[in-house]
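**Student:** Top to bottom, those sequences are chains A and B.
Using this note's numbering, the letters of the first sequence map in sequence onto residues 2 to 345.
Using this note's numbering, the letters of the second sequence map in sequence onto residues 33 to 285.
No residue lacks a Cβ here, since even glycine has one placed at the ideal position from N, Cα and C.
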Amino acid sequence: MRDQSHRPSFRADLEDGALVELARSARVESDVIDALRELSRRRSPERLGVARGILADAKRSRRLRATAAVELGTEALPENQRLLIKAMVSEDSTVSIRALQSLGRIGDKGALSKLEALEIPAAPNARQAISFAKSLISYRLRLDTHLLRPPAANRYVAVSDSGTFAIMSPKRGEVDKAIRDTALSLPAVLLAKTGATKLQCGRMEYVLAIAEAFRTLRATATICEKSALPCVLLRKDLALDRYVLDTYVFTQPAIGGDGVRLLGVRPKGDIVYGGTGSIADGQASFTLRSVKTRLAPAIDVEGSYDLRARSWRFGRARVGQTVSAGKSSAKRLGDRHEVTSGDS
Amino acid sequence: MTSVKAALQCIGVNTSGTVSILRQLFGFARGRVPGDPEPAVVSQVSIREQLRALDGDHFHLNVIRVGADLFTNPDDFDKIDYAIYRTRIIYRAADLGLGRVLHYNINEADADGYEDIGSAAEADEMIHHWSVDNNGLDAFIVDNISAGFIGKAGCIDGPCDKDDKDPPGILGGAADASWEKLARTFPHEIGHYLGLKHNHGGDTCPTSDSGNRRLMAQTKCPQDAGIPLREAVTLTSGERSTIRSHCLVQDGC
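(1) Look at B:Pro-199 and B:Ile-159 and say whether their C-beta atoms are less than 8 Å apart.
(2) How is A:Leu-263 classed by DSSP in three states: helix, strand or coil?
(3) Rounded to whole angstroms, what's the CA-CA distance from A:Val-71 to A:Thr-95? Just pull it up for me.
(4) Would a check of beta-carbon distances place B:Ser-269 closer than 8 Å to chain A?
(5) Counting along the chain, where does the alpha helix (DSSP H) carrying A:Asn-81 start and finish?
(6) Using a Cβ-Cβ cut-off of 8 Å (strictly less than) and excluding sequence neighbours within five positions of A:Ile-55, which residues of its own chain qualify?
(7) Using a Cβ distance threshold of 8 Å, determine whether the region 135-152 of chain B contacts the region 95-103 of chain B, with at least three qualifying pairs required.
(8) Given this structure, state the Cα-to-Cα distance separating B:Cys-279 from B:Asp-195, to the nearest angstrom.
(9) Per DSSP, what kind of secondary structure is B:Val-174 in: helix, strand or coil?
(10) Work out the CA separation of A:Gln-322 and A:Ile-168 for me, nearest whole Å.
(11) Along the region 89-117 of chain B, where does the CB come closer than 7 Å to a CB of chain A? Name the residues.
(12) Does the beta carbon of A:Val-71 sit closer than 8 Å to a beta carbon anywhere in chain B?
(13) Measure the alpha-carbon distance for A:Tyr-157 versus B:Ala-209 and round it to whole angstroms.
(14) Can you give the Cα-Cα distance for A:Leu-234 and A:Glu-39, rounded to whole angstroms?
(15) Nearest chain A C-beta to B:Gly-258 closer than 8 Å, yes or no?
(16) So is B:Ser-163 in contact with chain A if we call contact Cβ pairs under 8 Å?
(17) Strictly below 7 Å CB to CB, what residues from chain B border A:Ile-34?
(18) Could you list which residues in chain B have their beta carbon closer than 7 Å to that of A:Lys-328, in chain order?
(19) So is A:Thr-288 in contact with chain B if we call contact Cβ pairs under 8 Å?
(20) Grab the span of the beta strand (DSSP E) containing B:Ile-202 for me, first residue to last.
(21) Of all the CB atoms in chain B, is at least one closer than 8 Å to the CB of A:Met-205?
(22) Would you mind working out which of A:Gly-283, A:Thr-277, A:Ala-281 sits nearest A:Ser-291, comparing C-alpha positions?
(23) Determine the DSSP secondary structure at A:Leu-296, reduced to helix, strand or coil.
(24) Once you ignore the five residues that flank A:Ala-27 on each side, which residues in its own chain have a CB closer than 8 Å to its CB?
(25) How far does the alpha helix (DSSP H) with B:Gln-41 in it reach, from first residue to last?
(26) Could you compute how far the alpha carbon of A:Tyr-249 sits from the alpha carbon of A:Thr-341?
(27) Using DSSP's beta-bridge definition, name the partner residues of A:Gly-278.
(28) Leaving out five residues on either side along the sequence, give the residues of the same chain with a beta carbon under 8 Å from the beta carbon of A:Leu-119.
(29) May I have the straight-line CA-CA distance separating A:Ala-281 from A:Phe-287, to the nearest angstrom?
(30) State yes or no: is the beta carbon of A:Ile-98 nearer than 8 Å to at least one beta carbon in chain B?
(31) Could you give the distance in angstroms between the alpha-carbon of A:Arg-360 and the alpha-carbon of A:Val-51?
(32) Quick one: residues in its chain with C-beta nearer than 6 Å to the C-beta of B:Tyr-136, no 5 flanking neighbours on either side, listed in chain order?
(33) In whole angstroms, what separates the C-alpha of A:Glu-303 from that of A:Ala-285?
(34) For the ligand NAP, I want to know if A:Gly-258 counts as a neighbour, meaning its beta carbon is within less than 7 Å of at least one of the ligand's heavy atoms.
(35) Nearest by alpha-carbon distance to A:Arg-42: which of A:Leu-185, A:Glu-339, A:Lys-237 is it?
(36) In chain A, which residues lie with their C-beta within 9 Å of the C-beta of B:Glu-221?
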């Protein structure tokens with residue numbers, strides 16, 4: 002007979018107080034994680050206190066502390082930032098990377114200066130986490146520092162095997178749901194309920210939403226002067242039954258003052274799209290294409306956003322059917338990785 | 033009914049060397065029948081039933097453990113074999129067999145940070161990042177999911193082209209999940225990939241007991257209804273028909 006140590010104490014019908022107690026005292030790791038997740042799902046006010054306690058306790062496991070660091074990145078509170086700054090230099094790279102990513106989402110200028118003082122590590126993941134945390138704070142706060150380098154012309158790929166994606170007006174309530182669902186991923190970016198458009202691309206549905214700070218013509222015109230985060234692409238994830246953050250759309254003034262450069266950037270910091278934009282006569286016009294990547298299909302888009310009517314028009318909306326990096330570009334798992342004996 | 037050797041050859045297992053029935057026919061990485069977390073329940077497998085399952089429609093799996101060297105609790109591996117064991121039982125009830133199961137380990141040093149998944153976007157990126165060049169569904173198990181979900185399919189009715197723009201696989205769960213949670217999440221995400229949606233709206237749960245007992249109800253639904261997760265695994269006749277028409281499903285041997 003098996004021992005019963007893996008029989009969970011967690012039950013979803015526990016009240017918040019009991020879940021807090023379980024998260025603090027349970028011996029079985031999955032019980033603690035389940036308790037924290039359930040508090041998070043309920044958006045219980047207790048969840049942040051539990052997460053802070055876990056992250057601050059260096060004796061807790063890597064899995065728990067990483068989960069707590071992600072949780073603290075869902076609300077821009079000074080206490081969360083303070084703990085994440087401490088955790089970003091954790092000896093455990095997973096914990097420090099999660100803390101850095103959370104700081105990027107909620108951090109202020111004070112967090113940015115702490116990030117700037119960090120040594121750049123050798124490990125690519127840690128390096129990317131620090132670098133993108135600085136950029137994300139900077140684009141959010143419009144500081145014009147730590148700008149991402151737009152892709153060189155030869156990094157773009159042409160669209161072959163293409164279809165088009167459909168552009169449509171969101172149904173009643175869709176934008177509200179998209180904003181509500183992604184609020185924890187965008188804790189320091191308020192999205193506007195107006196001006197969004199819906200895109201359908203095969204199995205996938207997206208909402209392209211505008212940040213509240215860029216709702217007016219006057220505010221949008223400032224993207225020609227300073228870097229910004231004016232839009233995000235939200236994807237409807239049918240397996241999770243909620244919208245998730247897919248891509249940040251950053252802008253920065255083009256060198257030479259001729260319009261703006263657009264960058265589509267995945268939540269971890271990988272640039273997947275690049276293009277140009279300009280504003281004239283109340284219209285923001287743009288083009289967007291993909292770089293070679295497995296993280297997105299090839300696209301070729303040209304369109305405009307009417308800043309007065311808050312409506313979108315797409316002259317070209319082509320999308321490839323495979324990842325833009327092309328066939329067989331994934332890392333293939335073969336004999337070296339295959340487990341053939343019981344010594345798993 | 034076909035012979036064991038013929039069935040193994042049919043699902044693409046090389047039978048020229050030593051063959052382990054529990055590994056190659058049943059897909060248990062540890063080469064033994066995983067124990068049941070309920071002490072009173074004895075796990076068992078039947079060669080006859082498995083051969084019958086392969087006679088009919090079936091699908092293959094590639095179980096990919098990301099950050100496998102971090103799975104330091106001996107339970108972590110048994111738990112995954114138990115998820116395979118339960119997946120076979122659940123889909124057999126829907127007349128869909130589980131065929132070849134291959135296991136792959138990616139250690140932390142090669143995992144490019146995907147041993148811990150911090151967002152839905154990261155899960156999809158991981159699915160795009162690696163693939164096994166065969167006709168099995170790539171099903172990833174990571175060391176930890178630090179985001180607020182316990183597994184996810186790359187998409188509903190997923191592609192059979194592993195270079196498709198939509199993520200061609202599933203994140204079947206994490207090693208830190210409890211036994212029963214992993215053993216339900218894993219087949220639930222497979223259900224999505226084979227074309228099934230949730231049987232309820234995203235923000236609500238079914239109002240009926242039978243609705244909460246369906247495999248495609250989100251985990252929170254049976255949990256909130258007080259239904260043990262191992263009992264919330266039913267598939268309707270419509271769902272059975274949908275999954276059997278997926279492009280990953282192979283004809284009988």
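**Tutor:** This is what the structure holds:
(1) Taking 8 Å as the Cβ cut-off, B:Pro-199 and B:Ile-159 qualify as a contacting pair.
(2) Of the three classes helix, strand and coil, the one that applies to A:Leu-263 here is strand, per DSSP.
(3) Rounded to the nearest angstrom, the two C-alpha atoms are 11 Å apart.
(4) Put simply, the CB of B:Ser-269 is far from chain A, with every gap to its CB atoms at 8 Å or more.
(5) Under the DSSP assignment, A:Asn-81 falls in the alpha helix (DSSP H) whose first and last residues are 79-88.
(6) Ala-24, Val-33, Leu-37, Arg-61, Leu-65, Arg-66, Thr-68, Ala-69, listed in sequence order.
(7) Counting Cβ pairs under 8 Å, three or more are found: they touch.
(8) Their backbone Cα atoms lie some 15 Å apart in a straight line.
(9) B:Val-174: strand per DSSP, three-state reduction.
(10) For A:Ile-168 and A:Gln-322, the distance between alpha carbons rounds to 17 Å.
(11) Look at the region 89-117 of chain B: the residues with a C-beta under 7 Å from a C-beta of chain A are Ile-96, Asp-107, Phe-109.
(12) It does; some Cβ of chain B falls within 8 Å.
(13) Using only the alpha carbons, I get a separation of about 41 Å.
(14) If you take the alpha carbons of A:Leu-234 and A:Glu-39, they lie about 27 Å apart.
(15) Yes, because at least one Cβ of chain A sits closer than 8 Å to the Cβ of B:Gly-258.
(16) Taking Cβ atoms only, chain A reaches closer than 8 Å to B:Ser-163, which makes this a yes.
(17) Taking the beta carbon of A:Ile-34 as reference, the chain B residues within 7 Å of it are Asp-208, listed in sequence order.
(18) Chain B residues near A:Lys-328: Asp-195.
(19) Put simply, the CB of A:Thr-288 is far from chain B, with every gap to its CB atoms at 8 Å or more.
(20) Counted as a single uninterrupted DSSP element, the beta strand (DSSP E) harbouring B:Ile-202 occupies residues 202-206.
(21) By this cut-off, A:Met-205 is an interface position.
(22) Ranking the options by Cα distance to A:Ser-291, first place goes to A:Thr-277.
(23) Per DSSP, reduced to three states, the secondary structure at A:Leu-296 is coil, with no helix or strand assignment.
(24) Cβ within range, chain order: Ser-10, Phe-11, Val-33, Ala-36.
(25) Per DSSP, B:Gln-41 belongs to the alpha helix (DSSP H) from 36-42.
(26) Put simply, the backbone Cα of A:Tyr-249 is about 42 Å away from that of A:Thr-341.
(27) Paired residue(s): A:Val-261, A:Phe-287.
(28) Annotation for A:Leu-119: Met-89, Val-90, Ile-131 place their beta carbon closer than 8 Å to its own, counting only its chain and skipping 5 residues before and after.
(29) Answer to the nearest angstrom: the Cα atoms are 11 Å apart.
(30) Taking 8 Å as the threshold, the shortest C-beta distance from A:Ile-98 to chain B falls below it.
(31) With chain A represented from 2 up to 345, any question about residue 360 of chain A goes unanswered, as that position is not in the structure.
(32) The beta carbon of B:Tyr-136 sits closer than 6 Å to those of Ile-96, all from its chain and outside the five residues before and after it, given in chain order.
(33) Cα-Cα distance, rounded: 11 Å.
(34) With respect to the ligand NAP, the structure shown offers nothing to examine, as it has no ligands at all.
(35) Nearest to A:Arg-42 by C-alpha distance, out of A:Leu-185, A:Glu-339, A:Lys-237, is A:Leu-185.
(36) Listed along chain A, the residues sitting closer than 9 Å to B:Glu-221 by beta-carbon distance are Ala-240.
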